[in-house]
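Working notes, beginning with the structure itself.
Numbering (this note's numbering), first residue to last: 45 to 321.
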């Protein structure tokens, strides 16, 4: 792809191998640097995300999308997905507690979300920031399915890591009870911070989305996401913006292209003039 490259990185803590995809916009970076969109499952969606940003950002005054660096976090495979994603995107749970039955012989490795968060925050982001002109005030993380679940884990555990979170068709059913506990702690933290003497509020945006056809799935993905949006929308008084979109006629996989297009417009809106550097 134009103006893109790949690198291999290994996490220090667990020596897990990642294929990192990077695409940089044409032209000179603004004084504040380029926004960055970090994309999970990059083997499957990096190209779609890069093209969405590249095409829509050609005329920001008409599209409402500004140029951005896209960083994809993938795996050493030529396939669209890799089994390691189950480990990286989930918290530790008892598989017997899942609200559905695993297929015969299916017991995926899981529970690595903490280590994966540390890799992103302590290793990958510093590497990107020392190599490319990055606007640290405008960083987005995008994930779909199990990747969407991880985005929610990251939001709750490290809300300051990104300013924009995009969770498409999040597999909430994998870690539902853990996620509810994290959500309650996150809400309490936002409330407490807003109540302190500084009066500061959060600067966090969350875009949740599903495909219309997911509403009938036995895992309850559509219902889980809609209910989550309703709960998190109550945090708007603390500075959090939450949006929800159901894509008509789309299923769990086919939702990806329209989701990416909408996510780009959500995350990369031009800033007001008084915030530009």
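By construction, the Cβ of each residue, glycine as well, lies at the ideal position given by its N, Cα and C atoms.
Identity of the residue in 305, 283 and 282 nearest residue 289 by Cα
305
Between residue 60 and residue 110, what straight-line distance do the alpha-carbon atoms span, to the nearest angstrom?
33 Å
Report yes if the C-beta distance between residue 216 and residue 269 is below 8 Å; otherwise report no.
yes
Give the DSSP-derived three-state secondary structure of residue 122 in the structure shown.
In the structure shown, residue 122 falls within a coil segment according to DSSP collapsed to helix, strand and coil.
Assigned exposure category for residue 79 - 16 Cβ within 10 Å defines buried:
buried
Using the rule of at least 16 other Cβ atoms within 10 Å of the residue's Cβ for burial, across every protein chain shown, is residue 276 buried or exposed?
buried
Could you give the residue range of the beta strand (DSSP E) that holds residue 79?
78-84
Secondary structure at residue 204, three-state DSSP: helix, strand or coil?
coil
Using a beta-carbon distance below 8 Å, is residue 203 in contact with chain C?
No chain C is present in this structure, which holds just one protein chain.
With DSSP as the reference, label residue 159 as helix, strand or coil.
Residue state, collapsed to three classes: helix.
Report, in whole angstroms, the separation of the C-beta atoms of residue 271 and residue 295, which I expect to be a contact under 8 Å.
At roughly 20 Å, the Cβ-Cβ gap does not stay under 8 Å, so residue 271 and residue 295 are not in contact.
Alpha carbon to alpha carbon, what distance is there between residue 246 and residue 106?
Taking the straight line joining both Cα atoms gives about 29 Å.
I'd like the span of the beta strand (DSSP E) that includes residue 289, first residue to last.
284-291
CA-to-CA distance, residue 75 to residue 252, given in whole angstroms:
31 Å
Between residue 181 and the rest of its own chain, which residues show a CB-CB distance below 8 Å, the 5 nearest in sequence each way excluded?
Excluding sequence neighbours, residue 181 sits near 76 and 207.
Span separating the alpha-carbon of residue 163 from that of residue 196:
17 Å
Can you name, in chain order, every residue of its own chain whose Cβ lies under 8 Å from the Cβ of residue 92, other than the five neighbours on each side?
300, 301 and 304
To test your reading of the DSSP string, which unbroken alpha helix (DSSP H) runs of 4 or more residues are found completely within the region 210-250?
220-239
According to the Cβ coordinates, are residue 265 and residue 254 closer than 8 Å?
yes
7 Å Cβ shell around residue 311 - same chain, five flanking residues per side excluded
81, 184, 208 and 210
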